[in-house]
Amino acid sequence: MHIQTGTETDQAVVARPTVDDRQVVDIVLASDAHGAFVWGVFDRLLDEPSLFIGNITASGFGAMEAAVLAYGLALGGRRGARTALANFWRRVSHASMFTVNAASPLRSILEQSIDIAVIRNKSRPLQLSILASNARTDAVKIFAGDQLSIDAILAAATIPFLFPAVEIDGETYWGDGDLSASPALPSDAGHRLVVTGKPALFMTPCADRRPAATPCAMKCAPTQAIFDSQHRAGAALFTRPWTDWGELTDMRDRGRERAGDWLFAEHSIADECSAVDRKNRYV
């Protein structure tokens with residue numbers, strides 16, 4: 007066991023509530039969202055007792071954090087998730103000071119940070135899907151449920167061409183999963199939140215793909231996005247052989263701030279089936 011199990015009261019907040027004022031959000035982590043920024047977004051959302059995360063679809067380095075979040079929530083509730091994320095990033099910062107190859111310690115760090123069997127449990131309130139690209143065909147594969155593994159999470163976090171692809175069942179995979187391949191999961195979420203490094207021309211469209219004037223059969227959640235306006239400054243941390251803790255916490259704090267902007271903004275979306283309402287961007 008990697009973290010201590012929380013109290014019964016702390017664990018209770020993980021279960022989906024039955025009260026009418028709950029707010030459930032599904033989260034999509036783009037491959038260009040820097041991990042420390044994502045850490046801050048998660049950390050701020052965990053502060054909200056009435057907000058619950060239903061599903062996370064993750065690509066890039068954010069796949070590792072999504073797995074850590076899911077594991078921490080399962081064992082220790084919100085406090086456990088926050089502790090697990092902080093411990094994960096301390097391991098990353100510490101390990102990066104003693105290795106030239108930034109990819110080599112990630113497997114060890116992930117194995118110290120999560121128990122994959124806990125994350126695979128389909129009875130958990132938070133369900134996780136990991137996106138990785140086939141290095142040979144560029145086809146995007148979705149790893150979920152029993153297919154989730156340490157290798158799948160590492161593949162999603164592997165930078166194409168900079169580090170070797172990860173072999174899974176005879177095929178090789180690495181990061182840069184296409185958001186358009188994110189699954190249409192059944193959900194009671196009130197919002198779908200995309201966390202990304204920079205603005206894109208479009209986000210994942212409604213899976214029903216009907217014209218805007220046609221009622222949506224999928225009853226999809228409105229989509230908003232949180233952008234890291236300083237994503238270029240964080241990109242260097244992927245490649246250099248050391249990671250400064252102060253810089254990481256600065257990025258975390260920026261993520262917390264952007265998530266706070268999203269939480270307190272008025273969400274007014276006229277068309278729930280459009281690709282994304284460009285007015286609902288939080289930079």
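Mapping of the sequence shown onto my numbering: residues 7 to 289, in sequence order.
The beta carbon of each residue, even a glycine, is placed where N, CA and C say it ideally should be.
Exercise. Kindly list the residues whose CB is nearer than 6 Å to the CB of Asp-182, restricted to its own chain and excluding five residues on each side of it in sequence; keep chain order.
Key: Correct list, in chain order: Ser-37, Ser-139, Pro-166.
Quiz item: Name the DSSP bridge partner or partners of Leu-4?
Solution: Absent from the model: residue 4. The displayed extent of the chain is 7 to 289, so no value can be given.
Quiz item: Would DSSP call Phe-149 helix, strand or coil?
Solution: If DSSP states are grouped into helix, strand and coil, Phe-149 belongs with the strands.
Self-check item: Candidates Arg-130, Asp-267, Arg-258: closest to Phe-48 by CA position
Solution: When each option's Cα is compared against that of Phe-48, the closest is Arg-258.
Quiz prompt | 8 Å Cβ cutoff met for His-40 and Asp-175 | solution = Taking 8 Å as the Cβ cut-off, His-40 and Asp-175 do not qualify as a contacting pair.
Quiz prompt | Nearest to Ile-125 (by Cα), restricted to the options Arg-262, Ala-231, Ala-265, Leu-75 | solution = Comparing alpha carbon positions, the residue from Arg-262, Ala-231, Ala-265, Leu-75 closest to Ile-125 is Leu-75.
Practice problem: Please name the residue in Glu-117, Arg-198, Ile-159 whose C-alpha comes closest to that of Ile-136. | Solution: Ranking the options by Cα distance to Ile-136, first place goes to Ile-159.
Quiz item: Buried or exposed: Pro-217, going by 16 or more other Cβ atoms within 10 Å of its Cβ?
Solution: For Pro-217, the predicted model reports a pLDDT of 37, less than 50, meaning its position is unreliable; a value from the coordinates is still stated below. Burial call: exposed.
Quiz prompt | Distance CB(Phe-1)-CB(Arg-198) smaller than 8 Å | solution = Summary: the structure shown does not reach residue 1, with the chain confined to residues 7 through 289, and so no result is reported for it.
Quiz prompt | Bridge-paired residues (DSSP) for Glu-177 | solution = Partner(s): Ile-174.
Exercise. Find out if the Cβ-Cβ distance for the pair Ala-69, Leu-79 is shorter than 8 Å.
Key: Cβ atoms of Ala-69 and Leu-79: not closer than 8 Å.
Practice problem: Report the option in Val-98, Trp-251, Gln-133, Gly-203 whose CA atom is closest to the CA atom of Asp-32. | Solution: Ranking the options by Cα distance to Asp-32, first place goes to Gln-133.
Quiz item: Identify the residues that DSSP records as bridge partners of Ile-136: which are they?
Solution: For Ile-136, which the question treats as bridged, DSSP gives the partners Ala-64, Phe-149.
Quiz item: Counting along the chain, where does the alpha helix (DSSP H) carrying Leu-116 start and finish?
Solution: Where Leu-116 is concerned, the enclosing alpha helix (DSSP H) stretches over 112 to 119.
Quiz item: CA-CA distance, Ser-114 and Asp-157?
Solution: Taking the straight line from one Cα to the other gives about 12 Å.
Self-check item: Own chain, CB closer than 8 Å to Lys-128, minus 5 neighbours either side, in chain order
Solution: So the qualifying residues of the chain are Gly-151.
Quiz prompt | Cβ neighbours of Leu-269 in the same chain (closer than 6 Å, five flanking residues each side left out) | solution = Closer than 6 Å at Cβ, skipping near neighbours: no residue.
Quiz item: Taking the alpha-carbon positions, what's the Pro-55 to Arg-262 distance?
Solution: Straight-line Cα distance between these residues: approximately 16 Å.
Quiz prompt | Of the residues Ile-122, Ala-101, Asp-121, the one placed nearest Leu-112, counting alpha carbons only | solution = Considering only alpha carbons, the answer is Ala-101.
Quiz item: Taking C-alpha atoms, which residue in Ala-162, Arg-96, Glu-173 lies nearest to Gly-252?
Solution: Ranking Ala-162, Arg-96, Glu-173 by Cα distance to Gly-252 puts Arg-96 first.
Quiz item: Buried or exposed: Glu-117, going by 16 or more other Cβ atoms within 10 Å of its Cβ?
Solution: By the neighbour-count rule (16 or more Cβ atoms within 10 Å), Glu-117 is not buried but exposed.
Exercise. In the DSSP assignment, find the alpha helix (DSSP H) that holds Glu-54 and state where it starts and stops.
Key: From DSSP, Glu-54 is part of no alpha helix (DSSP H); its letter is neither H nor E.
Exercise. Alpha carbon to alpha carbon, how far is Ser-155 from Phe-94? Give it in angstroms, no decimals.
Key: Each residue's alpha carbon lies about 17 Å from the other.
Quiz item: So Phe-58 and Ala-163 are in contact, right, with Cβ under 8 Å, and what is the actual spacing, rounded?
Solution: In this structure Phe-58 does not touch Ala-163 by the C-beta definition: roughly 26 Å separates them, more than the 8 Å allowed.
Self-check item: Whole-angstrom distance between Gln-230 and Arg-85, CA atom to CA atom
Solution: Distance from the CA atom of Arg-85 to the CA atom of Gln-230, rounded to whole angstroms, is 26 Å.
Practice problem: Would you mind reading off the limits of the alpha helix (DSSP H) that contains Leu-168? | Solution: Under the DSSP assignment, Leu-168 falls outside any alpha helix (DSSP H); it carries neither an H nor an E label.
Self-check item: Collapsed DSSP secondary structure at Ser-129 in the structure displayed
Solution: Of the three classes helix, strand and coil, the one that applies to Ser-129 here is coil, per DSSP.
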